[in-house]
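Sequential numbering from 37 applies to the sequence shown in our numbering.
Here a beta-carbon is modelled for each residue, glycine too, at the ideal position from N, C-alpha and C.
In this text the structure is predicted, and so the values were computed from the model without any measurement.
Here is the structure we will look at, set down as structure tokens.
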Amino acid sequence: MSEVSGLLAVIDMQEVFAAPDSPWAAPRFAEAAHGVRRLLPAFGERVVFTRFLAPAAPSGAWEAYYRQWAFARRPPDAPLWRLVDEFADRARPTLDATTFGKWTPELAARLGPRRRLVLAGVSTDCCVLSTALAAADAGTEVLVVADACAGTDDDSHAKALQIMDLYRPLVRVTTVAGILGEEESG
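Below you can see the structure in the form of structure tokens.
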């Protein structure tokens, strides 16, 4: 398989979003994971995984957020924050953030001069969306791989993809096949 250009950022493929009994479960997590597995070989070493973590001491509006989602007030080594087993051994490097958006200085530094960021993971309507828009604002070309992402539900996933596609040409929604050159890109 030939390599494709850019850096693949795999957003938050964690137990808290995979476990069906989690309040934050992404119902199509398994389908997103399948898409991620298909993408990984094409990017070789140009892959970064991220994890969402609760802050040690929420401040500002995050205080109310964590009152609503008290179950998530766990330390970074809690099982709910672990990457799912199938990605845990491949996830080097892993960037942690206590924010929805993963467009951090660390991720920007990993991107380097490539200026193309390919996003996959969960949740399309939260962390993927937040990352895509911030990266685009920074002048990065962003490709969101629709079938390697999952939302809080199908409707929210579809709406988030529609919103991100409004930002063309800064953000483009594509598919695994489109990234791998198996179909014409749109």
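Own chain partners of residue i with C-beta closer than 6 Å, once the 5 adjacent residues on each side are dropped
{"i": "residue 134", "result": "89 and 91"}
{"i": "residue 178", "result": "153, 168, 171, 172 and 207"}
{"i": "residue 46", "result": "72, 85, 156 and 157"}
Local conformation of residue i per DSSP, three classes
{"i": "residue 212", "result": "helix"}
{"i": "residue 143", "result": "helix"}
{"i": "residue 78", "result": "helix"}
{"i": "residue 167", "result": "helix"}
{"i": "residue 134", "result": "coil"}
{"i": "residue 183", "result": "strand"}
{"i": "residue 218", "result": "coil"}
{"i": "residue 40", "result": "coil"}
{"i": "residue 96", "result": "coil"}
{"i": "residue 45", "result": "strand"}
Closest residue to residue i among the options (Cα-Cα distance)
{"i": "residue 80", "options": "113, 42 and 94", "result": "42"}
{"i": "residue 44", "options": "61, 58, 77 and 59", "result": "77"}
{"i": "residue 54", "options": "196, 209, 186 and 200", "result": "186"}
CB of residue i within 8 Å of CB of residue j, strictly
{"i": "residue 115", "j": "residue 102", "result": "no"}
{"i": "residue 161", "j": "residue 188", "result": "yes"}
{"i": "residue 51", "j": "residue 120", "result": "yes"}
{"i": "residue 105", "j": "residue 63", "result": "no"}
{"i": "residue 69", "j": "residue 122", "result": "yes"}
{"i": "residue 151", "j": "residue 176", "result": "yes"}
{"i": "residue 174", "j": "residue 144", "result": "yes"}
One or two residues paired with residue i in a DSSP bridge
{"i": "residue 88", "result": "133"}
{"i": "residue 50", "result": "119"}
{"i": "residue 177", "result": "152"}
Own chain partners of residue i with C-beta closer than 8 Å, once the 5 adjacent residues on each side are dropped
{"i": "residue 74", "result": "184, 212 and 216"}
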